[in-house]
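Step one of this worksheet: look at the structure below.
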Amino acid sequence: MQERQKQIPIYQKVSSFAQNQNTSFHVPGHKNGKISLEPVPNYFQEISKIDVTEIEGLDDLHAPQGIIKKAQKLASEWFGSLDTFFLVNGSTTGNLAMILAACRPDDQVLVQRNSHKSIMHGMELAGVKPVFLPPAYNFSKQRYTNASMETLIIAVKNYPDAKAIIVTYPDYFGDTFELEELIEIAHSNNMLVMVDEAHGCHFSLPFINAPSAVSLGADIVVQSAHKMTPALTMAAYLHIQSKTIDSNRIKYYLQMLQSSSPSYPILASLDLARYYLATYSREKFNTLLAYIEEVTRIFMESDYWSVEDKKPMDDPLKICIKVKEGIDIQQIKKMLEREQLYPELVTERHILFVFGLEAVIDSAILQKKLRRIQRKLNFSSNHATIENNSMFYNDKIIPLALSYASMNKLAMEWCNWTDASGRIAAENIIPYPPGIPIITRGGEKIRTSAIEEIQQLMQHNINFQPINRTTGLNVYMEDGNKIKGE
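Counted from 1, the sequence shown has number 365 at position 365 by the UniProt record's numbering; the numbering is strictly sequential.
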């Protein structure tokens, strides 16, 4: 590690500022934590001391010349990018900005169908023409993964004028794929590669098996620092790794999309997250892997679920259990929460556990908690299984059914789920987490299998965005007539 990486310019500056006897006649209104409401815990007052603004010496995120410029340069050096930008509004902002900056209206874009909603929103704002790549279905895991290389090759051949390919790497469950091969195919056909690597910020560690999208040569990469490294929520990075990307356009859209009053605690945590990764040792990582292996063995003790297998290149910090048939997964979720164990994601059949880069609970304590759950399940008679519809995406490469421009001119009507098959949705229907639309606005013909999947999830209290869609959704009309998908 270079000695430079031990510097933490933003954190050091705001910490130093907080120790001074400053009198604030500027925003924010808590005046460096001197004004607070009762009863407010001390930690809120403490964080307020570094919740500062763009005064002398603290730089400006939208025109960095001092500590922020230096911190972004240190991050660029660590991650191996040409340029790195700090994001205080999450990877969502990064995904929007990368699409708006790299694409022009009516550009054709190949995109993984099971992308995050922010990718869908970015394409809509940019006015591009998406071509959806169907994700492959893993029958062993009973869930969708990435689009296959075969699908990609066919899409590149059928749509040779596409401007870019947008993929998610790794996926929500930590699964990776042959991203390097995808990048080679795309670049050989003069296509950009944009990667939503929200869950892969830690892939920059040199001793982790999974390579980062930046190291593999993707043109633009967005990472959530807060998801897998010790950064505050909404802390994220945008990396440029190609001279064909106009950094001025990136800056323009980030200035447009990000708050004009960026959070200095979030900026400091981005600085600290990079420092943490740069100083994180192989010894500490090996200790973590041993801990996760032990926890995996503990999970495997149960008769009520199995632990998913991983490829060597998958994220080692995620454990996914698949609940066996005849078991009510929501009952297990409630039991976990009573034990003060909170998983990242619960689907019809899966529960996803996300670890940090250090252990946060003693494995013996975790074992006791899981064994208590096992005993309760032994005496439970309520073993209702969610019927797993599973395969609900279209398995064909298809363009967006309606252009984004035309959608804004069409009337909408409410449609009950019983009548929705074959119609074109006027809104996204998104289980959250993970924030991946089952039905996308104007995207495709609504499939009966997708309706069944949504209804099954709703029956078992899975959260959806938007709310209040238990009976139906908004669909498009034209001249008072129904629009049917092709």
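Built from N, CA and C at the ideal position, the CB exists for glycine as well.
- Within a 10 Å sphere around the beta-carbon of T244 sit fewer than 16 other beta-carbons, which makes this residue exposed.
- Within the same chain, Cβ atoms closer than 6 angstroms to the Cβ of A18 are found at K49, I50, the five residues on either side in sequence being excluded.
- The C-alpha of D328 lies about 30 angstroms from the C-alpha of E427.
- Residue nearest to G443 within the set I451, Q456, H460, A425 is A425 (criterion: CA-CA distance).
- Between L216 and I240, the gap from beta carbon to beta carbon reaches 7 angstroms or more.
- Listed in chain order, the non-local C-beta contacts of R282 below 7 angstroms within the same chain comprise F207, local neighbours out to five positions each way being set aside.
- The residue from I397, D309, I250 with its alpha-carbon nearest to that of A101 is I250.
- One alpha carbon belongs to E3, the other to I10, and they sit about 17 angstroms apart.
- The C-alpha of V40 lies about 52 angstroms from the C-alpha of A401.
- Here DSSP, grouped into helix, strand and coil, assigns S48 to helix.
- I319 is bridged by DSSP to F353.
- Scanning its chain for C-beta atoms nearer than 6 angstroms, with the 5 sequence neighbours on each side dropped, one finds around P433 the residues L345, in chain order.
- Taking every protein chain shown into account, the CB of S188 has fewer than 16 other CB atoms within 10 angstroms, so this residue is exposed.
- Non-local beta-carbon contacts of M228 in its own chain, meaning distances under 7 angstroms to residues more than five positions away in sequence, involve H199, C201, H202, L317 in chain order.
- The segment 117-124 makes contact with the segment 86-104, as at least three CB pairs between them are under 8 angstroms.
- By the Cβ rule, the segment 354-362 counts as touching the segment 286-297, because three or more pairs are nearer than 8 angstroms.
- W78 places its beta carbon less than 7 angstroms from that of A278.
- Between D219 and S242, the CB-CB gap stays under 7 angstroms.
- If only complete runs of 4 or more residues are kept, the segment 12-79 shows the alpha helix (DSSP H) at 42-48, 67-79, in order along the chain.
- When only Cα atoms are considered, Y144 and P135 end up about 6 angstroms apart.
- For Q331, the enclosing alpha helix (DSSP H) begins and ends at 329-338.
- Relative to I451, the option among Q72, E54, G472 whose CA is nearest is G472.
- Going by DSSP, Q241 is part of no alpha helix (DSSP H) at all; its letter is neither H nor E.
- In the three-state scheme derived from DSSP, where H, G and I count as helix and E and B as strand, N286 is classed as helix.
- Within the same chain, Cβ atoms closer than 6 angstroms to the Cβ of A75 are found at T84, R274, the five residues on either side in sequence being excluded.
- The shortest CA-to-CA distance from V295 to any of M313, E180, I365 is the one to I365.
- Between I332 and P343, the C-beta gap is not smaller than 7 angstroms, which leaves the two residues out of contact.
- Judged by DSSP in its simplified three-state form, D271 adopts helix.
- Judged by DSSP in its simplified three-state form, L410 adopts coil rather than helix or strand.
- Cβ-Cβ separation between V167 and V195: approximately 6 angstroms, consistent with a contact (criterion under 8 angstroms).
- Shown here, C201 sits in a helix according to DSSP, grouped into three states.
- Secondary structure at D196: strand, using DSSP grouped into helix, strand and coil.
- Across the set K6, M477, H460, R441, the C-alpha of R441 shows the shortest separation from the C-alpha of P466.
- Taking the CA atoms as reference points, A405 sits about 31 angstroms from S224.
- In this structure, Y276 lies away from L377, with their beta-carbon atoms at least 7 angstroms apart.
- C-alpha of K396 to C-alpha of L133: approximately 7 angstroms in a straight line.
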